[in-house]
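A quick write-up on the structure given underneath.
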Amino acid sequence: MHPAPSVIIFTTLSGLGFGLLFFLGLGQPAVTGSVAFVFYAIAFGLACGGLLASTFHLGHPERAWRAFTQWKTSWLSREGVCAVGALAVMGLYALGAIFMDSHWTLLGWIGAALSLATVFTTSMIYTQLKAIPRWNMELTPVMFLSFSLAGGALLAGAEAVAPWLLAIAGAVQLAYWAKGDKALVASGTNLGTATGLGDRGSVRAFEPPHTGSNYLLREFVHLVGRKHAQKLRMIAFVLGFALPLLLILTPVQGIVIKHVFAALAVLSHLAGVATSRWLFFAQAEHVVGLYYGKR
Amino acid sequence: MTELPDSTERKMGLVIDLDTCVGCHACVISCKGWNTENYGAPLSDQNPYGGDPSGTFLNRVHSYEVQPEQGHAQLIHFPKSCLHCEDAPCVTVCPTGASYKRVEDGIVLVNEDHCIGCGLCAWSCPYGARELDLAEGVMKKCTLCVDRIYNENLPEVDRIPSCVRTCPAGARHFGDLGDPESDVSKLVAERGGMDLMPEMGTKPVNKYLPPRPKDQIEDQIDILAPLLAPVAEEPQGFMGWLDKALDKLPGGAN
Ligand code: SF4
Ligand code: SF4
Ligand code: SF4
Numbered sequence: 001m002h003p004a005p006s007v008i009i010f011t012t013l014s015g016l017g018f019g020l021l022f023f024l025g026l027g028q029p030a031v032t033g034s035v036a037f038v039f040y041a042i043a044f045g046l047a048c049g050g051l052l053a054s055t056f057h058l059g060h061p062e063r064a065w066r067a068f069t070q071w072k073t074s075w076l077s078r079e080g081v082c083a084v085g086a087l088a089v090m091g092l093y094a095l096g097a098i099f100m101d102s103h104w105t106l107l108g109w110i111g112a113a114l115s116l117a118t119v120f121t122t123s124m125i126y127t128q129l130k131a132i133p134r135w136n137m138e139l140t141p142v143m144f145l146s147f148s149l150a151g152g153a154l155l156a157g158a159e160a161v162a163p164w165l166l167a168i169a170g171a172v173q174l175a176y177w178a179k180g181d182k183a184l185v186a187s188g189t190n191l192g193t194a195t196g197l198g199d200r201g202s203v204r205a206f207e208p209p210h211t212g213s214n215y216l217l218r219e220f221v222h223l224v225g226r227k228h229a230q231k232l233r234m235i236a237f238v239l240g241f242a243l244p245l246l247l248i249l250t251p252v253q254g255i256v257i258k259h260v261f262a263a264l265a266v267l268s269h270l271a272g273v274a275t276s277r278w279l280f281f282a283q284a285e286h287v288v289g290l291y292y293g294k295r
Numbered sequence: 296m297t298e299l300p301d302s303t304e305r306k307m308g309l310v311i312d313l314d315t316c317v318g319c320h321a322c323v324i325s326c327k328g329w330n331t332e333n334y335g336a337p338l339s340d341q342n343p344y345g346g347d348p349s350g351t352f353l354n355r356v357h358s359y360e361v362q363p364e365q366g367h368a369q370l371i372h373f374p375k376s377c378l379h380c381e382d383a384p385c386v387t388v389c390p391t392g393a394s395y396k397r398v399e400d401g402i403v404l405v406n407e408d409h410c411i412g413c414g415l416c417a418w419s420c421p422y423g424a425r426e427l428d429l430a431e432g433v434m435k436k437c438t439l440c441v442d443r444i445y446n447e448n449l450p451e452v453d454r455i456p457s458c459v460r461t462c463p464a465g466a467r468h469f470g471d472l473g474d475p476e477s478d479v480s481k482l483v484a485e486r487g488g489m490d491l492m493p494e495m496g497t498k499p500v501n502k503y504l505p506p507r508p509k510d511q512i513e514d515q516i517d518i519l520a521p522l523l524a525p526v527a528e529e530p531q532g533f534m535g536w537l538d539k540a541l542d543k544l545p546g547g548a549n
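Top line first, the protein sequences correspond to chains A and B.
For the record, in the first sequence the residue sitting at position 158 is 158 according to this note's numbering, with numbers rising by one throughout.
Every number in this note's numbering is 295 more than the matching position in the second sequence, counting from 1.
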């Protein structure tokens, strides 16, 4: 799949933002007043910025409101509904925390649930696609959720759970790569089943239908970036999980250094997750590539 | 609405004969010609006369080589367009309801006025049957020439999809695959028509007829061959002397 920057930015930032909203909704940290304002500004900035970025790749962004109508069947539509719901509920909850010094617990819980639901629906947009075996795995939603929770915990300064969540997210990442590398073969789809000619002999793409490129090749067949995949995986893993874990577990003196380390951990995690997301797209093989003798 | 109908009254679709298709691409051109000036937005081209031309097409013809374990390789031309799947993933993923499957004939269409061009339906189609038009920003796909097949302004002979009307080899057939008595259904039954990527669970309506086995080349195909066998395997006489003499020259024998 073509790793479009808009989608990578969207899933990375909004995953982090909704992760933070989840923790804020649970009252972790139970901030009020101007401190709360900063926390909520960061969370909403990330979540909304991500959502805005996702509209950049639309052909007709002005009709985007229609995307809320088909929640009965479409995960993309459900994502839109959940995102707006989460932002609205958490917006109300934030008003309470910032201006009224109060935490409406039930509202917070609903907001937290909707925030996680948003991340889940995002992941299901990819998971549902049988045509992309590397995404069509149970581990895909697990990965999105674990990343979002780990990032949210880091940002929320939830010191008790953050190391665990980071470790889990790192492990899920490794498992996802290991399983994903076998997904296309395991799906049983190959040029033989694609053409229906497989039982007659070995099928080879002899001549493509067109001499130039087309939408399908640009969108679905991305071979260039896969060359450095292993190196990028190392970078993603170290930046995303190992380094942040090290940074928050290192015992340091003084509140300033502690905050600097925490900030570095967040930035490192963000860069790592963005790299991982790039790979998520660049390495995903759409079966239509088979028709072109590519994968 | 992006909920798929439980069943459709008819299952209109194409049957494509891989045995007779000669790979002329006439169906590709006639498809583009008809569809660029009829249903919905035109099928745009980008940089058509430049160094890197590309454009929107609803039908494309691939060519494959099949090498059996024994014998000669076979070249097979392979036209591909939307298969109007019964369990069409492209319909259910659509967030706007722009993508839908018609109850009356099973044709899968895009309402271009509602499409936001998110591209998700093209992602979900295993066959690459949908292309986002870069000029219009909306999704384009085969309409089964819905604006021809019921069009009473056209002579009856033309009320079939443009590609079927055009194919010079008679490799494309159009009809109701939901009716076991239709010509196309009989053809599929007789020739062992097949689904593409059945493991994807899309239940395509369009069927492909596999190539018939090629004639076998017997050991002796020409009854005159024995009479034309070379008289002398080794050159004799003057030719024999010349052959040996040339061999002796530097670089001669090999
Ligand atoms: S071939 Fe592709 S576009 Fe056509 S109905 Fe099936 S899934 Fe949808
Ligand atoms: S590109 Fe258009 S038809 Fe396809 S899923 Fe998006 S809105 Fe629906
Ligand atoms: S017009 Fe007929 S013979 Fe020519 S490529 Fe199309 S299906 Fe094949």
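Here a beta-carbon is modelled for each residue, glycine too, at the ideal position from N, C-alpha and C.
Residues of the region 202-215 of chain A in Cβ contact with chain B at a cutoff of 9 Å, in chain order, please. Cβ contacts with chain B: Ser202, Val203, Arg204, Ala205, Phe206, Glu207, Pro208, Pro209, His210, Thr211, Gly212, Ser213, Asn214, Tyr215.
Mind checking who Pro374 of chain B pairs with in its DSSP beta bridge? DSSP output for Pro374 of chain B lists B:Val356 as bridge partner(s).
Quick one, which of B:His468, B:Val483, B:Cys389 has its alpha-carbon nearest Pro475 of chain B's? It is B:Val483.
Nearest CA to the CA of His2 of chain A: which residue from A:Ser213, A:Val185, A:Ala282, A:Lys294? It is A:Ala282.
Using CA atoms only, rank isn't needed, just tell me which of B:Gly350, B:Val386, B:Leu491, B:Ala464 is closest to Gln297 of chain A. Lying outside 1 to 295, the shown extent of chain A, residue 297 of chain A is not represented and no answer is given.
Determine which residues of the region 154-187 of chain A have a Cβ less than 8 Å from any Cβ of chain E, and write them out in chain order. Chain labels in this structure do not include chain E; the protein chains are A and B.
Closer than 8 Å, CB to CB, is Arg277 of chain A near chain B or not? Judged by the 8 Å Cβ criterion, Arg277 of chain A is not in contact with chain B.
Name the residues in the region 475-490 of chain B whose C-beta lies less than 9 Å from a C-beta of chain A; which are they? Listed by position, the residues of the region 475-490 of chain B near chain A (Cβ gap below 9 Å) are Met489, Asp490.
Can you check which of these residues, B:Leu370, B:Cys380, B:Met434, B:Ser358, is closest to Gly335 of chain B by C-alpha distance? Measuring C-alpha to C-alpha distances from Gly335 of chain B to each of B:Leu370, B:Cys380, B:Met434, B:Ser358 identifies B:Met434 as the nearest.
Output the residue ranges of the beta strand (DSSP E) runs that lie fully inside the region 455-496 of chain B and measure 3 residues or longer, sorted by chain position. Fully enclosed beta strand (DSSP E) runs of 3 or longer: 467-471.
For Gly350 of chain B, which three-state DSSP category applies? It is a strand residue.
Apart from the five residues on each side of it in sequence, which residues of its chain come closer than 6 Å, Cβ to Cβ, to Asn333 of chain B? Same-chain partners within the cutoff: Asp442.
Under 7 Å Cβ to Cβ from Pro244 of chain A, same chain only, skipping five residues before and after it: list those, please. Same-chain partners within the cutoff: Leu154, Leu166, Ala265, Ser268, His269.
With 16 other Cβ atoms within 10 Å as the buried cut-off, status of Met495 of chain B: With a threshold of 16 other beta carbon atoms within 10 Å, Met495 of chain B meets it and is buried.
Comparing the CB of Cys420 of chain B with every heavy atom of ligand 1, is any distance shorter than 7 Å? Indeed, a heavy atom of ligand 1 lies less than 7 Å from the Cβ.
Between which two residues does the beta strand (DSSP E) harbouring Tyr503 of chain B extend? 502-504 is the extent of the beta strand (DSSP E) around Tyr503 of chain B.
Below 8 Å between beta carbons is the criterion; list the residues of the region 349-364 of chain B that meet it against any residue of chain A, in chain order. Listed by position along the chain: Ser349, Gly350, Thr351, Phe352, Arg355, Val356, His357, Ser358, Tyr359, Glu360, Val361, Gln362, Pro363, Glu364.
Since Glu494 of chain B meets chain A, which of its residues come closer than 8 Å, beta carbon to beta carbon? Chain A residues near Glu494 of chain B: Ser187, Gly188, Thr189, Thr193.
In chain A, what lies closer than 8 Å to His409 of chain B by C-beta? Near His409 of chain B (Cβ distances below 8 Å), the residues of chain A are Arg63, Arg66.
Along chain A, in chain order, which residues have C-beta atoms closer than 9 Å to that of Pro384 of chain B? Gln128, Leu129, Lys130, Ala131, listed in chain order.
Could you compute how far the alpha carbon of Pro421 of chain B sits from the alpha carbon of His468 of chain B? CA-to-CA, the gap between Pro421 of chain B and His468 of chain B works out to about 23 Å.
I believe Pro133 of chain A touches Ala183 of chain A by the beta-carbon criterion, under 8 Å. Please report the beta-carbon distance rounded to the nearest angstrom. Yes, they are in contact, since the Cβ atoms of Pro133 of chain A and Ala183 of chain A sit about 4 Å apart, within 8 Å.
Is Ala205 of chain A closer than 8 Å to Tyr503 of chain B when the C-beta atoms are compared? No; because the gap between Cβ atoms is not below 8 Å, this pair is not in contact.
Starting from Arg277 of chain A and walking both ways along the alpha helix (DSSP H), at which residues does that stretch end? Unbroken alpha helix (DSSP H) run through Arg277 of chain A: 255-282.
Pro505 of chain B versus chain A: which residues are under 8 Å apart at the beta carbon? Neighbours of Pro505 of chain B on chain A, chain order: Gly196, Leu197, Arg200.
Cβ-Cβ distance between Ala464 of chain B and Cys316 of chain B below 8 Å: Yes. Within cutoff.
Give me the subset of the region 74-105 of chain A whose CB atoms are less than 9 Å from a CB atom of chain B, sorted by chain position. So the close ones are Ser74, Trp75, Leu76, Ser77, Arg78, Glu79, Gly80.
Grouping DSSP H, G and I as helix and E and B as strand, with all else coil, what is Glu550 of chain B? The requested residue 550 of chain B is not part of the displayed model; chain B covers only 296 to 549.
Which bits of chain A does Gly432 of chain B rub up against, with CB to CB less than 7 Å? By Cβ distance, chain A contributes Gly59, His60.
What's the gap between the Cα of Ala83 of chain A and the Cα of Lys481 of chain B? So the alpha carbons of these two residues sit roughly 51 Å apart.
Where the beta strand (DSSP E) through Tyr344 of chain B begins and ends: Bounds of any beta strand (DSSP E) do not take in Tyr344 of chain B, whose DSSP letter is neither H nor E.
How about Leu58 of chain A and Gly392 of chain B: do their beta carbons lie closer than 8 Å? In this structure, Gly392 of chain B does not lie closer than 8 Å to Leu58 of chain A by Cβ.
For Trp164 of chain A and Phe237 of chain A, I'd like the C-alpha separation in whole angstroms. Each residue's alpha carbon lies about 15 Å from the other.
Going by DSSP in three states, Tyr93 of chain A sits in which element: helix, strand or coil? Annotated three-state conformation of Tyr93 of chain A is helix, per DSSP.
Using the C-alpha atoms, what's the distance from Ser325 of chain B back to Tyr215 of chain A? For Tyr215 of chain A and Ser325 of chain B, the distance between alpha carbons rounds to 20 Å.
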